[in-house]
Amino acid sequence: MSSRLKISDEAAQYLESQLKELISDGNGIYAALIISIDGHPLVKQSQDDIHESKLAAMMSSLLALGESIARESGQELCQYVIVDNSDGFLVDLRVGERMLLTVLARKDTNLGMLLSACKNLAETIIQRFKL
Amino acid sequence: MSDLKFIFTGTPGVGKTTAISMISEFDPVVTDVLTTDELSEQKEQTTVAMDFGEITLEDDEKIRLYGTPGQRRFKFMWEILIDGGLGLVILIDNSRENPLEDLDIYLDNFKDFILDAGAVVGVTRMQTHPSPDLDQYYACLEKRGLDLPVLDIDVRDKDDVIMLLDALMAISDYD
Amino acid sequence: MEKVFTLSACCMSENDELVLQSLINIIDLRSAAHWSFATDDSANVLIVDIDSIEGRQLWTGLDSSGQDKIAIAYGENMNGLGDNIQYLLDKPLRSKKVIDLLEKVSNQKLENIGAAKASAGAYAGEGHRRKFVQKIQELFDSGAWGVRYKDQMLIINGANREAYTVGGLSDLGDLAEAPEMSMEISELSQADLTSARERLNTYKYDEVVWYFSRFHSRSLMSELSDNKEFKIRRWPNLKKINYRKEDVRLFGMLMKNWMSMNRLVQSEEEKSVIGLLNALYITGFLQLRVDQSNNTQMNIQEEGETRGLYSRIRRRLGIA
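Chains A, B and C, in that order, are what the protein sequence lines are. Sequential numbering of the first sequence, starting at 13, is according to our numbering. Sequential numbering of the second sequence, starting at 119, is according to our numbering. Sequential numbering of the third sequence, starting at 4, is according to our numbering.
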C-alpha cells in the first residue's frame with residue numbers, strides 16, 4: 013500500500029498561513045518549512061532565500077538520526093533536534109507520522125519561547141488534519 | 119587511527135540494510151522513514167540518513183559498516199559516510215529498468231574514492247533478471263578504465279555478502 | 004586445417020560493439036576455429052545492425068556484391084531484408100545468443116568463406132586448450148553432466164554410461180583420439196544412473212570446466228616459467244564455479260597488477276596457484292605477457308604489514 017503524501021491546495025494554503033503567522037509572531041523565526049518525513053519540501057515561508065530542497069533532505073536526515081540516537085540511548089520520543097549555531101538556531105520536529113516542521117531563527121531569540129511556539133504549531137496542525 | 123569502515127551504497131531497495139545485517143554483530147541501526155513519493159509504490163520505507171552495523175575483531179578493534187541512503191537527494195550523506203573508508207560496496211538491482219545507468223551514477227559520485235581505495239559491484243536479482251549480464255557490467259567498467267570485481271549475489275545469503283567483502287579486501291589498496 | 008574467422012561490428016552502438024569485443028575471447032575458446040575481432044576490412048564475418056540507416060544500406064550492398072563474407076543481420080525490424088537470411092540475431096544483445104550463433108557459423112564449411120589473415124600472437128598450447136574445452140563441451144552437448152563422486156568430479160556420459168575423471172582427460176595426448184577412462188560408476192544401469200543424477204548434486208558446464216582445468220595434472224599452458232606475468236580484467240562468476248576462499252585473494256592480486264609466478268606463490272601454494280592460472284587460462288580470463296619488471300623479488304615488507312588488518316577481518320568473518 014502506498015503511503016504517498018498529497019497536500020490539497022486548501023491544506024497548503026492553510027499551512028502557509030500558519031507558517032506566516034509563526035514568522036510574524038516576533039519570536040525570532042525568519043524561515044519555516046513543512047517537510048515530508050522522507051525529505052521533500054512541502055510548504056515554505058521565508059524572509060530570506062533558502063535552498064528548500066537541500067534543507068528538506070538534510071533536516072529529514074537530522075531528525076531521523078536524532079530519533080535513532082534517542083532510541084539507542086534508551087531515551088524515548090525525540091521531541092526536537094536543535095542545532096545551536098553562533099548566529100542562529102535550527103529546530104527540527106515531527107508533525108504526525110509523515111511530516112516535520114523545520115524553523116530557522118535568529119540568535120537573539122529566547123530558546124524556550126521558540127520551542128514552545130514550534131510545539132504549539134505542530135499540535136495545531138495535528139489537530140486540524142487529524143494526524 | 120581513522121575510522122575503519124566499509125560503506126554499502128546502491129539503488130533504493132537493493133538491500134543495503136539486509137547486506138549489513140548479515141554480518142553486523144548487532145541489528146543494524148537504521149534511519150528508515152515512510153516513503154511519501156513514487157518510491158512508495160515499491161517500498162514502504164526509505165533510509166534517510168544511514169544504516170550502521172559493526173563487527174569486532176579479536177583485539178577489540180571495531181570495523182564499522184555503513185549503508186548510505188539510496189535516493190540522490192541524500193547525496194550529502196554519501197559524502198559524509200564515505201570519508202576515510204576502507205572500501206565501497208556498490209549494490210545494483212538487476213531488476214530495475216537500467217542497471218548500467220544506475221551503476222554509472224555511483225561510479226561518478228564516488229569516483230575519487232574508488233580510485234583511492236577501491237570498490238566492488240554486487241549485482242542482485244540476477245536469477246530472475248539475467249540481463250544485463252556480468253560481461254556487460256565489465257564492459258561498462260572498462261569503458262571508464264576501471265578494473266573492479268563484479269559479483270552475482272543474493273543479499274539475503276550471508277556467504278554471498280561475506281564473499282563480497284572478501285573481494286573488496288582483495289582489491290582494495292589497503293591490502 | 005584450422006578455420007580462421009575475424010568478426011566485425013558494423014553500424015552498431017558503441018555499447019553493443021564493446022559487448023561483442025568482450026565475447027570474442029570466449030567464442031575463440033569454445034570454438035574449434037580461431038576467432039578474433041577486427042576493426043578494419045579484413046573481417047570475414049560481419050554483424051550488421053540493420054535498424055540503423057547505414058546498416059541497412061550496408062546490408063543491401065553486401066547482398067548484391069557476391070562476396071565471400073558471412074553477414075549476420077542484427078536488429079529488431081527484419082522487414083524488407085529479403086528472403087533466405089541465413090543468420091539472424093535479434094535485440095537486445097545477449098551473450099548466450101551471440102555465442103550460440105557464432106558457434107553455428109564456425110561449423111560452416113571453410114570453402115564458403117574467404118579465409119582471413121590469421122592473426123599472430125596465439126599462445127603456444129592454444130590449440131590444446133581449445134580441444135580440452137571442446138571435448139567437455141561436446142560431452143555436455145550430448146547430455147553429459149558433472150557430479151561429485153568419492154571426492155572427485157566426474158563427467159557422466161549417460162549415453163554410453165562412461166565417466167571421465169580429470170585424470171581421464173588430462174592423460175590424453177591428443178584429446179580427440181585417446182581412449183576415455185571409465186570408472187565403476189559406468190557399471191550402473193541406466194535406471195541407477197538416472198536416480199543417481201536426481202540424488203546427487205550435479206554440476207553444470209561452467210563448474211565442470213573450472214574444476215577440470217583447475218586440477219589438470221599437466222598444465223595446459225606451455226610455459227608457466229618465471230618470465231611470464233599474468234593479469235585478469237574480469238573475474239569469473241563466483242556463483243558458477245567451485246571457488247576456494249584462497250582464490251579470492253589471488254583474483255584480487257591478479258586484477259590489481261601484472262603478477263609473476265614468484266609473487267603469486269609467496270601467498271599461496273604453488274600447486275594451487277598453477278591450478279588457478281590453468282582454470283583462468285582455459286576459461287579465457289587470463290592475460291599473459293613477458294615479465295617486464297625484471298624484478299622477481301616481492302616486496303616482503305608490504306606483505307608483512309598488510310597481513311594485519313585484513314587477515315583479522317577474514318578470521319572474524321570465518322574465511323581466513
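Beta carbons: idealized from backbone N, C-alpha and C, even for Gly. Note that the structure is a prediction, hence the values are computed from the model and not measured.
Looking at the DSSP output, A/M111 sits in a beta bridge with A/S48 and A/V107. Residues of chain A with a Cβ closer than 9 Å to the Cβ of B/M195 are, in chain order, A69, M70 and S73. Between B/D272 and B/D265, the C-beta spacing is not below 7 Å.
Looking at the backbone, the Cα of C/S314 and that of B/A288 are separated by about 11 Å. Taking CB atoms only, B/A137 has no neighbour in chain C less than 7 Å away.
DSSP places B/F144 outside both helix and strand once states are collapsed to three, so it counts as coil. Interface annotation, B/R190: not in contact with chain A, CB-CB separation never under 7 Å.
Here the C-alpha atom of B/T165 lies approximately 18 Å from the C-alpha atom of B/L206.
Contact annotation: in the region 140-152 of chain B, residues whose CB is within less than 7 Å of a CB in chain A are V147, T149, V151 and L152. In chain order, I73, A74, I75, A76, L104, K107 and V108 place their CB closer than 8 Å to the CB of C/Y90, counting only its own chain and leaving out the 5 sequence neighbours on each side. In the structure shown, B/N212 adopts coil according to DSSP, grouped into three states.
C/P239 carries a coil assignment under DSSP once its states are collapsed to helix, strand and coil. Contact annotation: in the region 154-183 of chain B, residues whose CB is within less than 9 Å of a CB in chain C are I173, T174, L175, E176, D177, E179 and I181.
The beta carbon of B/P267 sits closer than 7 Å to some beta carbon of chain C. Across the structure, C/R59 and C/L10 are spaced so that their CA atoms are roughly 18 Å apart.
B/C258: member of the alpha helix (DSSP H) spanning L252 to K261, first to last residue. The bridge partners DSSP lists for B/Y184 are B/I125 and B/F170. C/I56 counts as exposed, since fewer than 16 other beta carbons sit within 10 angstroms of its beta carbon. Your pair B/V238 and B/P267 checks out as a contact, with CB atoms roughly 5 Å apart and the cut at 8 Å. Ranked by how close their Cα comes to the Cα of A/I49, the residues A/T136, A/L133, A/I62 and A/L113 have A/L113 in first place. Taking a Cβ-Cβ cut-off of 7 Å, the neighbours of C/N240 in chain B comprise L252 and D270, given in sequence order.
Under the DSSP assignment, B/P217 falls in the alpha helix (DSSP H) whose first and last residues are P217 to N227.
The C-beta of B/A235 comes no closer than 7 Å to any C-beta of chain C.
Distances from the alpha-carbon of B/R262 to those of B/Q160, B/I198, B/L233 and B/F194 put B/L233 closest. By the Cβ-count criterion, C/P95 is exposed, with fewer than 16 other Cβ atoms from all chains shown falling within 10 Å of its own Cβ.
The C-beta distance from B/D251 to B/R182 rounds to 33 Å, too long to meet the 8 Å contact threshold. Contact between the region 177-197 of chain B and the region 60-77 of chain A is established, with three or more Cβ pairs separated by less than 8 Å. For C/G78, the enclosing beta strand (DSSP E) stretches over residues I73 to G78.
Just measuring C-alpha positions, the residue of B/T153, B/T129, B/I125 and B/K123 sitting nearest B/L221 is B/T129. Interface annotation, C/R237: in contact with chain B, CB-CB separation under 7 Å. Here C/D43 is exposed. Its C-beta has fewer than 16 other C-beta atoms within 10 Å.
Look at C/K274: its C-beta is not under 7 Å from any C-beta on chain B. In the structure shown, C/E232 adopts extended strand secondary structure according to DSSP, grouped into three states. Identification of chain B residues near A/E84 by a Cβ-Cβ cut-off of 7 Å yields V147, ordered along the chain. Three or more Cβ pairs drawn from the region 106-122 of chain A and the region 28-42 of chain A lie within less than 8 Å of each other, which places the two stretches in contact. Taking a beta-carbon distance threshold of 7 Å, C/M258 counts as an interface residue toward chain B.
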